[in-house]
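Report on one structure; see the data block that follows.
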């Protein structure tokens, strides 16, 4: 008998540090008690927030906006649901998020506070840094080129190992910038870069084979004592998108869910992209340039599909790819799933 009550649970941060949680249920609406905890477990330390009856939505004040919180939904007679915000509400980033909580194909879930993905970290405020320290991060893997790192270095945080390995194979040991602004300055016109779709698809295909940064990522996730990890690039969309996809593939998350996570960048970076476009108006000579720039700043389903399809064309399956490229065989995948799923 399926004793799942909560379906399609969504959590959203509203203004004034209010949290909104909504869900769907195939059952008659029951009384639901909402609790919160500082750890992603139901361990008896959770604190009561409020009760909802006859509705499938609730809004309440964030009980502690200086740290990551986990909210527990309980309906009597049903399995409790634990939810947390994917997006970490830092002031100095727009795309710093937890890829925990996703369901695997066998019904388990990825643990929270283990795998983070982000845009550049140079803008983190002092308040952000205190929040970040509360996450217990052990490793930062920076996929940017040396030029990007020199322009905006990561903050050095005691107790966190910071690795910088270019996520674009062609830029390894290079001072070349890969961020879009630098590419624009180095080109007479954005049109010189070619069609955004073709340019990015080519980059995605390059990234998924013989990539030292991704090899280091997949090596490190075998060691729980190196977690939680932050992997990031400049916008947290392409290089970081591929890294996040590999983690989720190894844990048994469906390609459909992986693409959904990937596309969230368009949601979270929309305001930042608009601000960026307005700030570099002098570099965008005409409407065509503006449209091309917008296309470069977006992620599209087709880009990730191109990477995944190319992997399967070359190796026959994702399983074979993970084993041949990263040494992640079935035994190691089972161990990863034991360590990082619940």
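In this note's numbering, the protein residues as written are 76 to 417.
Every residue gets a Cβ at the ideal spot worked out from N, C-alpha and C, and that includes glycine.
Computed from a prediction, not measured in an experiment: that's the story for all the values here.
Exposed unless 16 or more other CB atoms sit within 10 angstroms - verdict on residue i
{"i": "residue 187", "result": "buried"}
{"i": "residue 123", "result": "exposed"}
{"i": "residue 306", "result": "buried"}
{"i": "residue 319", "result": "buried"}
{"i": "residue 409", "result": "exposed"}
{"i": "residue 217", "result": "buried"}
{"i": "residue 66", "result": "Outside the modelled stretch of the chain, which goes from 76 to 417, sits residue 66, for which no answer is possible."}
{"i": "residue 220", "result": "buried"}
{"i": "residue 312", "result": "buried"}
{"i": "residue 242", "result": "buried"}
{"i": "residue 33", "result": "Residue 33 lies beyond the stretch modelled for the chain, which goes from 76 to 417, so this question has no answer here."}
{"i": "residue 353", "result": "exposed"}
{"i": "residue 21", "result": "Examination of residue 21 is not possible in this model, given that the chain is present from 76 through 417 alone."}
{"i": "residue 308", "result": "buried"}
{"i": "residue 193", "result": "buried"}
{"i": "residue 336", "result": "buried"}
{"i": "residue 89", "result": "exposed"}
{"i": "residue 252", "result": "Any reading at residue 252 must be qualified, since the residue scores a pLDDT of 46, below 50, and its modelled position is unreliable; no value is offered."}
{"i": "residue 231", "result": "exposed"}
{"i": "residue 416", "result": "buried"}
Boundaries of the beta strand (DSSP E) in which residue i is found, first to last residue
{"i": "residue 238", "result": "236-239"}
{"i": "residue 89", "result": "82-89"}
{"i": "residue 96", "result": "93-99"}
According to DSSP, residues forming a beta bridge with residue i
{"i": "residue 275", "result": "Paired residues: none, contrary to the question."}
{"i": "residue 418", "result": "Only positions 76 to 417 of the chain appear in this structure, which leaves residue 418 out of reach."}
{"i": "residue 416", "result": "185"}
{"i": "residue 79", "result": "154"}
Limits of the unbroken alpha helix (DSSP H) element including residue i
{"i": "residue 346", "result": "345-354"}
{"i": "residue 243", "result": "Element bounds for residue 243: n/a, residue is neither H nor E."}
{"i": "residue 393", "result": "393-401"}
{"i": "residue 377", "result": "376-390"}
{"i": "residue 366", "result": "362-372"}
Closer than 7 Å: residue i CB and nearest the ligand ADP heavy atom
{"i": "residue 365", "result": "You won't find the ligand ADP in this model; it holds no ligand whatsoever."}
Runs of beta strand (DSSP E) wholly within the region 158-236 (minimum 3 residues, chain order): 190-193 and 214-217
Ignoring anything shorter than 3 residues, give me the beta strand (DSSP E) runs that lie fully in the region 112-157, in order along the chain. 122-127, 132-136 and 145-149
Take every Cβ of the region 144-151, pair it with every Cβ of the region 369-387, and state whether three or more of those distances are shorter than 8 Å. no
List in chain order: all unbroken alpha helix (DSSP H) runs of 4+ residues lying wholly within the region 273-327. 287-295 and 314-326
At least three beta-carbon pairs within less than 8 Å, the region 120-138 to the region 85-104: yes
Could you check whether the region 153-173 touches the region 385-400, counting it as contact only if at least three pairs of C-beta atoms, one from each stretch, sit closer than 8 Å? no
If you pair each beta-carbon of the region 167-185 with each one of the region 316-333, do three or more pairs fall below 8 Å? yes
Inter-stretch contact (C-beta, 8 Å, three-pair minimum) for the region 364-375 and the region 268-280: yes
The region 225-241 / the region 202-217 touching (three or more Cβ pairs under 8 Å): yes
Stretch pair the region 289-306 + the region 159-169: three plus CB contacts closer than 8 Å: no
With three or more C-beta pairs closer than 8 Å as the rule, is the region 165-173 touching the region 198-212? yes
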